[in-house]
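Note sheet for the following structure.
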Amino acid sequence: MTFVIKQITQRAGGGTIERTKRLDQNILIVGRAVDADIQLADLAVQLRHARVRDIGSGRVEVEPIDGAAVQIDRKLVGTVQLSLSRAPVVIVGGEKLELGPGENDGEIAVKVERLEVPGELRDERAIFTLSRALPTRRILAWGMIVAVLAMFLAWPILAPHPPAVAAAGTAQPAAFHPDQTWDAGPLSPPHAFLSKNCAACHDKAFVSVTDQTCLSCHAGKQVEKSPFAVLRDHADPKRLVASHGDIPGFAARLRTAVGPSFGLKEWSCTGCHKEHVGADTTPVSSDAFCAGCHASMKARLTDTKLVNVASWDSHPQFRPLITDNSGASPKLTRIVLDGRQQEDTGLKFPHALHLSGTNAVAQMTRRLGERPAADGGKSQYAGAAQLGCADCHHADPTGVRFVESTMERDCAACHTLAFAAQNGTVRTLRHGDPKQVIAELRDYLKLHGGAAAPVGRIQVGLAAAGRTATRASGGDRIIRAVFEKGGACYDCHVITSTGPLAYTVKPVTFTARYLARGWFSHADHATAASPCASCHAVATTNSSTALLLPGVKSCQTCHAVRPTASQVASPCSSCHSYHNGAGAPAFVRTESAEPGRLTTKTVASAIDKPSPAKPDTAGIVSAATAG
Amino acid sequence: MASSDRIDWRRAQPGRTTIDSGQLHESFLRHRNFRWAKVALTICAIAIMAYAFVDQTPRAGGGTWLGYLLGSVGVGLILWLTLLGYRKRAITPGRWSLKAWTSAHVYLGLSLVVIGTLHTGFQFGWNVHTLAYALMLIVIGSGLYGIAVYDTLPAALSNNRGEVTQRQMLDNIASIDRQLHDAALPLAGDEAAIVQGSIDGTRLGGGVTERLTGRARNCGNRRALDAFAALLPAATGERAERLHKIILLFERKEAALGLARRHISIRARLEIWLFVHVPATFALIAALIAHVVSVFFYW
Numbered sequence: 000m001t002f003v004i005k006q007i008t009q010r011a012g013g014g015t016i017e018r019t020k021r022l023d024q025n026i027l028i029v030g031r032a033v034d035a036d037i038q039l040a041d042l043a044v045q046l047r048h049a050r051v052r053d054i055g056s057g058r059v060e061v062e063p064i065d066g067a068a069v070q071i072d073r074k075l076v077g078t079v080q081l082s083l084s085r086a087p088v089v090i091v092g093g094e095k096l097e098l099g100p101g102e103n104d105g106e107i108a109v110k111v112e113r114l115e116v117p118g119e120l121r122d123e124r125a126i127f128t129l130s131r132a133l134p135t136r137r138i139l140a141w142g143m144i145v146a147v148l149a150m151f152l153a154w155p156i157l158a159p160h161p162p163a164v165a166a167a168g169t170a171q172p173a174a175f176h177p178d179q180t181w182d183a184g185p186l187s188p189p190h191a192f193l194s195k196n197c198a199a200c201h202d203k204a205f206v207s208v209t210d211q212t213c214l215s216c217h218a219g220k221q222v223e224k225s226p227f228a229v230l231r232d233h234a235d236p237k238r239l240v241a242s243h244g245d246i247p248g249f250a251a252r253l254r255t256a257v258g259p260s261f262g263l264k265e266w267s268c269t270g271c272h273k274e275h276v277g278a279d280t281t282p283v284s285s286d287a288f289c290a291g292c293h294a295s296m297k298a299r300l301t302d303t304k305l306v307n308v309a310s311w312d313s314h315p316q317f318r319p320l321i322t323d324n325s326g327a328s329p330k331l332t333r334i335v336l337d338g339r340q341q342e343d344t345g346l347k348f349p350h351a352l353h354l355s356g357t358n359a360v361a362q363m364t365r366r367l368g369e370r371p372a373a374d375g376g377k378s379q380y381a382g383a384a385q386l387g388c389a390d391c392h393h394a395d396p397t398g399v400r401f402v403e404s405t406m407e408r409d410c411a412a413c414h415t416l417a418f419a420a421q422n423g424t425v426r427t428l429r430h431g432d433p434k435q436v437i438a439e440l441r442d443y444l445k446l447h448g449g450a451a452a453p454v455g456r457i458q459v460g461l462a463a464a465g466r467t468a469t470r471a472s473g474g475d476r477i478i479r480a481v482f483e484k485g486g487a488c489y490d491c492h493v494i495t496s497t498g499p500l501a502y503t504v505k506p507v508t509f510t511a512r513y514l515a516r517g518w519f520s521h522a523d524h525a526t527a528a529s530p531c532a533s534c535h536a537v538a539t540t541n542s543s544t545a546l547l548l549p550g551v552k553s554c555q556t557c558h559a560v561r562p563t564a565s566q567v568a569s570p571c572s573s574c575h576s577y578h579n580g581a582g583a584p585a586f587v588r589t590e591s592a593e594p595g596r597l598t599t600k601t602v603a604s605a606i607d608k609p610s611p612a613k614p615d616t617a618g619i620v621s622a623a624t625a626g
Numbered sequence: 000m001a002s003s004d005r006i007d008w009r010r011a012q013p014g015r016t017t018i019d020s021g022q023l024h025e026s027f028l029r030h031r032n033f034r035w036a037k038v039a040l041t042i043c044a045i046a047i048m049a050y051a052f053v054d055q056t057p058r059a060g061g062g063t064w065l066g067y068l069l070g071s072v073g074v075g076l077i078l079w080l081t082l083l084g085y086r087k088r089a090i091t092p093g094r095w096s097l098k099a100w101t102s103a104h105v106y107l108g109l110s111l112v113v114i115g116t117l118h119t120g121f122q123f124g125w126n127v128h129t130l131a132y133a134l135m136l137i138v139i140g141s142g143l144y145g146i147a148v149y150d151t152l153p154a155a156l157s158n159n160r161g162e163v164t165q166r167q168m169l170d171n172i173a174s175i176d177r178q179l180h181d182a183a184l185p186l187a188g189d190e191a192a193i194v195q196g197s198i199d200g201t202r203l204g205g206g207v208t209e210r211l212t213g214r215a216r217n218c219g220n221r222r223a224l225d226a227f228a229a230l231l232p233a234a235t236g237e238r239a240e241r242l243h244k245i246i247l248l249f250e251r252k253e254a255a256l257g258l259a260r261r262h263i264s265i266r267a268r269l270e271i272w273l274f275v276h277v278p279a280t281f282a283l284i285a286a287l288i289a290h291v292v293s294v295f296f297y298w
């Protein structure tokens, strides 16, 4: 008998190796031993494990040796006889023996193979590589691409927008719109209410926000109806365009060059007013932006009256409007401040005389301070050693400028028009009406025999004139004395005689605002460390016509482009609007939103005086609010 | 194989240079004396200087000319870096060898942290723009993780498995399973079922967390071992001997499973980064498309 043994082993790299041998014998020994006929390298197999005996007529007998475990159909068996035609499978340890008839008669085929690893332990890759525990990277990548594009591109584009609400100025739409995931940054505070309503401004795809969109809210004609601010500060757009030079900086040139290809007009609201750049940034233009046009504007805008200015450091001297009183009626004239100009207000008022601490004026101020005021309260001069600026100059309600000084309020306490006292009643001349004065004095002198009674020694003016008149004789002379040199009117006013007992008084004209194109708030500058005299040279001049405006150098003491520790950073917009409007410029308006951004500490130390104990910021705030 | 002949993983590490058979091995990190690290540092320095000195009014961000420039450079870099996935399939020597390419990939990828951050102008929010930025950081972070684990884990992998191959690990467990099967054949039904539970209920591999931690939840072998350990004190004679033999098999299997699980865990930690790096790269590209389109859509 012949056994044909085919032993199959697995290659390490996959595939199988078959080894066939023929044994011409009746009995096969299966085991781990080297002399076994079928040698199985398996510790679960005994050295001599089983015998396979050919018992003829297509049958074999399998006999376990010494009770070794042999399985057929997953059952342990003892000695069994098997029919080859049924192709029995005998399992010994981890190996299986498939028995069957050979190719030739009398041959028995034995195929020896390792048992397959059971179930889940078969697939090495599945067990050891992570990729079987996860979707493939390709699937993950595609999934994420689809998810991101769907959520952040398709949805925002395709979701329907609520009807435009910007023009109506209503609040945010209640419903969420996915385009909010595109929000690139906070809007400026005035526009913050639109931050959930992208389509209010971005009304056309791939088209930059148009001026028309801005103007749908910011048009002047809608002022009455719209809750929005009017377009303020802007000069005539045509002149703006005509005046602009090459705006400095690579960015601006790049924008000019390539912007139009991307739908960015060279001149548009959004060109200067950037949005989505943070809540703390308002669209205020930089100095370089201003200088871009103004440094050489005269060359382009030939009819402009503005002087070229490149920066605050080279700011031209101020050119205030002053009152020209030389003609029949006063008119405003522009001058270039040089420190020598005169402005004739029509009033004779020597500042140094009134502000002296040692003369009769100071003495009178002290005396007035000892008396109660007209309403019985404390006198405004109480405790004062001399007159101060504020005794005659009163701030307007905003604190920015001053109201006109008036005779009754600011002069009459000393410069009385009283001319007689009778039974406790003091009679006064009517101010501002020469004809009435003449008529009244004439009546009085007719009744009282041509002499006015002195009303008191403390008061000057008419009283002094009255004494003069008393010494003179005759009513007309008394009247003339009032109007002529030494008289009450003449002391302060320019009097012209127009006939016998006929006089005209030159009107007094104060200039309300000298720098019409520049902003200067007195309240912003009013600190204990910066008294009026630090800018206005009042103490040294007795000329009534001296123009006491400080020049640009005076401002540059404290205001600088690149400030030192004792200076204040001052962009163009701290004094100038863009370009119209009499109100406070943007920089100052911004300050009202953020009080304290500018402190007066630095200003105080810039002037060579001790700092106030408490910085007085109240003035800044109130002025900015008013501006 | 003697231990001195083992593959020395430390030598194959990125970042290490060793003299090997007289030839200088240069890792992709040290390639050409850190040429691409220097290039990346130069790019970062230029970007930082530009950011510091260019007047970006009204404020820095993607909308200034420098912002657009940094954004364009960033997108270009990201697309080029993505190409490594295609490039790596063709190994070529020379100036643009795969090693050079990989070195550039790592260092230029890292420079994106600077370029991308400056592009944002440090403005962040819950929007698609910051999403793209976050995805970029995830991609770069996972890449850094990948370099770090390639430097450390292969040694751990080698130390853990010694000479045993993955196939052998499985064969060993299968062999124990067969022995368990044989040993349990004389047992009564309930007890045989417990052994069958060990054979059928062995957990190896499994989900991502299970692989990463190397801890199998509810493994049949552990349950079977505990159950037989509880049976042992009451058993006597031949039965006790049989139970003891099976328990020993369970313990051998537990050890074999432990080895395989540690192996799986290290491999999972070694492979997981690509499952973040690659999909996040494509998510990033999608987010970049949304980012760029949205900017121009609401121009």
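The listed protein sequences derive, respectively, from chains A and B.
Numbering that gives the first Met the number 0 applies: residue 0 is where the first sequence begins, and numbers increase by one.
Numbering that gives the first Met the number 0 applies: residue 0 is where the second sequence begins, and numbers increase by one.
Just so it is clear, CB atoms sit at the ideal spot from N, CA and C, and this is done for glycine as well.
It should be emphasised that the depicted structure is a prediction, and the values quoted were computed from it without experimental measurement.
Under the rule that 16 or more other beta-carbon atoms within 10 Å means buried, what is residue i, buried or exposed?
i                 : result
Leu134 of chain B : buried
Val276 of chain A : buried
Tyr85 of chain B  : exposed
His447 of chain A : exposed
Ala525 of chain A : buried
Ile437 of chain A : buried
Gln458 of chain A : Any reading at Gln458 of chain A must be qualified, since the residue scores a pLDDT of 39, below 50, and its modelled position is unreliable; the value itself is stated next. Flag for Gln458 of chain A reads buried.
Trp100 of chain B : buried
Met48 of chain B  : exposed
Thr63 of chain B  : buried
Thr344 of chain A : buried
Glu223 of chain A : In this prediction, Glu223 of chain A has a pLDDT of 40, which is less than 50 and means its spatial position is unreliable; what the coordinates show is noted afterwards. Glu223 of chain A comes out exposed.
Arg266 of chain B : buried
Lys74 of chain A  : exposed
His180 of chain B : buried
Ile4 of chain A   : buried
Thr135 of chain A : exposed
Give the C-beta separation of residue i and residue j to the nearest angstrom, bearing in mind that I take them to be a contact with Cβ-Cβ under 8 Å.
i                 : j                 : result
Leu83 of chain A  : Gly105 of chain A : Going by Cβ atoms, the distance from Leu83 of chain A to Gly105 of chain A rounds to 11 Å, so no, they are not a contact pair.
Ile126 of chain A : Gly204 of chain B : 4 Å
Ile114 of chain B : Gly73 of chain B  : 5 Å
Would you mind stating whether residue i and residue j have Cβ atoms separated by less than 8 Å?
i                 : j                 : result
His414 of chain A : Cys491 of chain A : yes
Val163 of chain B : Ile245 of chain B : no
Leu81 of chain A  : Arg58 of chain A  : yes
Val111 of chain A : Leu133 of chain A : no
Ile71 of chain A  : Arg47 of chain A  : no
Val127 of chain B : Thr209 of chain A : no
His262 of chain B : Asn171 of chain B : no
Ser543 of chain A : Phe348 of chain A : yes
### Query
In chain order, what residues of the segment 178 to 196 of chain A put their CB closer than 9 Å to some CB of chain B?
Asp178, Gln179, Thr180, Trp181, Asp182, Ala183, Gly184, Pro185
### Query
Hey, is the segment 68 to 81 of chain B in contact with the segment 93 to 111 of chain B, meaning 3+ C-beta pairs nearer than 8 Å?
yes
### Message
Tell me which residues of the segment 89 to 102 of chain A have at least one Cβ-Cβ distance to chain B shorter than 8 Å, keeping chain order.
### Response
Gly92, Gly93
### Query
Counting pairs of Cβ atoms below 8 Å between the segment 319 to 337 of chain A and the segment 552 to 562 of chain A, do you hit three or more?
no
### Task
Report yes or no: do three or more beta-carbon pairs, one from the segment 129 to 149 of chain A and one from the segment 284 to 298 of chain B, lie closer than 8 Å?
yes
### Cβ pair count under 8 Å reaching 3, the segment 250 to 259 of chain B against the segment 128 to 145 of chain B
no
### Segment contact flag, the segment 494 to 511 of chain A with the segment 324 to 332 of chain A, C-beta cutoff 8 Å, min 3 pairs
yes
### Inter-stretch contact at 8 Å, needing at least 3 Cβ pairs: the segment 180 to 193 of chain A / the segment 273 to 287 of chain B
no
### Message
Under 8 Å, CB to CB, which of the residues in the segment 95 to 127 of chain B have a partner in chain A?
### Response
Gln122, Gly124, Trp125, Asn126, Val127
### Task
Check each residue of the segment 160 to 181 of chain B: if its Cβ is closer than 9 Å to any Cβ of chain A, include it; give the result in chain order.
Thr164, Gln165, Arg166, Met168, Leu169, Asp170, Ile172, Ala173, Ser174, Asp176, Arg177, Gln178, His180, Asp181
### Query
Three or more beta-carbon pairs under 8 Å between the segment 288 to 303 of chain A and the segment 315 to 323 of chain A, yes or no?
no
### Task
Select from the segment 249 to 280 of chain B all residues with a C-beta closer than 8 Å to any C-beta belonging to chain A, and list them in chain order.
Ala259, His262, Ile263, Arg266, Ala267, Glu270, Ile271, Leu273, Phe274, Val277, Pro278, Ala279, Thr280
### Query
Relative to chain B, which residues along the segment 195 to 210 of chain A have a C-beta separation below 7 Å, given in chain order?
Cys197, His201, Ala204, Phe205, Val206, Ser207
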